[in-house]
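S.K.: According to the working numbering, numbering within the sequence shown proceeds without interruption in unit steps and concludes at 150.
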Amino acid sequence: MKHKPKRISLVCTKNSVINTLAKRAQQLNKLNYILQNVMPPQFSAHCHLANISENTLVIHTDNASYASLLRFQSHVICNSLSPHLPQIVNKLEVKVRPKFILSNTPKPSPISLSNDAAKSLQQTADNIEDGPLKSALERLAKRRSTQ
Numbered sequence: 004m005k006h007k008p009k010r011i012s013l014v015c016t017k018n019s020v021i022n023t024l025a026k027r028a029q030q031l032n033k034l035n036y037i038l039q040n041v042m043p044p045q046f047s048a049h050c051h052l053a054n055i056s057e058n059t060l061v062i063h064t065d066n067a068s069y070a071s072l073l074r075f076q077s078h079v080i081c082n083s084l085s086p087h088l089p090q091i092v093n094k095l096e097v098k099v100r101p102k103f104i105l106s107n108t109p110k111p112s113p114i115s116l117s118n119d120a121a122k123s124l125q126q127t128a129d130n131i132e133d134g135p136l137k138s139a140l141e142r143l144a145k146r147r148s149t150q
C-alpha cells in the first residue's frame, strides 16, 4: 500500500471544511436522537431530522401519512428541540423521501408454453381473420418452451 490510512480525527484537525462538516453531522445526529424521543414511538422508524436552517426544522419521512401526522405535532416538536439550539425554532418542514431498497430478487423468466398449447394457439390464429387478436395469438404461440 502506497499511503497508509489516516485517522479521521487527524484529517478533521488539518482540514477545516471536514471539521465543520463533522461537527454539523454530530449536531444533527444528537438532535435527531432528541427528536426520536419526542415523537410517538411508531414514527421513529419512518422519520428523521434532515436539517436545521435559521428557524426551520426539516424532517424527512418515508410516507405521506406520517408527514401529515407530523405536521399536527409541529408545535411540540419545535418546542422540544429549541432549547438545544442557539436559536428558537418555530417552523417545521416535512418532506416525503421514500426509502429506496434494492431488491436482489431475480427477474422472472419469460413465460413459456408447452408445445401442445402453442400448437393450439397457432391453429386458432390460422382460423381467424387478420387483426389484433390474430397477431396476439401468434405472438403467444411463439413462446413455445424449448425443452
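Glycine residues also receive a C-beta, built at the ideal position from the N, C-alpha and C atoms.
#1: Could you pull the start and end residues of the alpha helix (DSSP H) that residue 87 belongs to?
#2: Which of helix, strand or coil does DSSP assign to residue 53?
#3: Between which two residues does the beta strand (DSSP E) holding residue 98 run?
#4: Which of the three DSSP states, helix, strand or coil, is assigned to residue 27?
#5: Residue range of the beta strand (DSSP E) that residue 62 falls in?
#6: Can you give the beta carbon distance from residue 95 to residue 81, rounded, assuming they're within the 8 angstroms contact cut?
#7: I think residue 66 touches residue 51, with their Cβ atoms under 8 angstroms apart; what is that distance to the nearest whole Å?
#8: Which partner residues of residue 147 appear in the DSSP bridge assignment?
#9: Leaving aside the five residues before and after residue 17 along the sequence, list all residues of the same chain whose C-beta is less than 7 angstroms from its C-beta, in chain order.
#10: Quick one: give me the first and last residue of the alpha helix (DSSP H) that residue 10 is part of.
#11: Can you tell me where the alpha helix (DSSP H) holding residue 70 begins and where it ends?
#12: Rounded to whole angstroms, what's the CA-CA distance from residue 46 to residue 32? Just pull it up for me.
M.R.: To lay it out plainly:
#1: Residue 87 sits at position 84 when you count from the first residue of the sequence shown. Segment: none, residue 87 is in no alpha helix (DSSP H) and carries neither H nor E.
#2: Here the question's residue 53 lines up with position 50 in the sequence shown. Strand.
#3: The residue you call residue 98 lines up with position 95 of the sequence shown. Looking at the DSSP string, the run of the beta strand (DSSP E) that includes residue 98 is 94-99.
#4: As a first step, residue 27 is located in the sequence shown; it is residue number 24 there, counting from the start. Secondary structure at residue 27: helix, using DSSP grouped into helix, strand and coil.
#5: Within the sequence shown, residue 62 is the residue found at index 59, counting from 1. 59-64 is the span of the beta strand (DSSP E), which, as asked, contains residue 62.
#6: On the sequence shown, position 92 is the one that residue 95 refers to. On the sequence shown, position 78 is the one that residue 81 refers to. So it is a contact: roughly 6 angstroms between Cβ atoms.
#7: Indexing the sequence shown from 1 puts residue 66 at position 63. Indexing the sequence shown from 1 puts residue 51 at position 48. Their Cβ separation, rounded to whole angstroms, is 13 angstroms, which puts residue 66 and residue 51 out of contact at 8 angstroms.
#8: One-based indexing of the sequence shown puts residue 147 at position 144. 116.
#9: Position 14 of the sequence shown, counted from the start, is the residue given in the question as residue 17. None.
#10: The residue you call residue 10 lines up with position 7 of the sequence shown. Premise fails: residue 10 is in no alpha helix (DSSP H) and is neither H nor E.
#11: Taking the sequence shown and counting its residues from 1, one reaches residue 70 at position 67. Looking at the DSSP string, the run of the alpha helix (DSSP H) that includes residue 70 is 67-75.
#12: The residue you call residue 46 lines up with position 43 of the sequence shown. The residue you call residue 32 lines up with position 29 of the sequence shown. When rounded, the distance between both Cα atoms is 17 angstroms.
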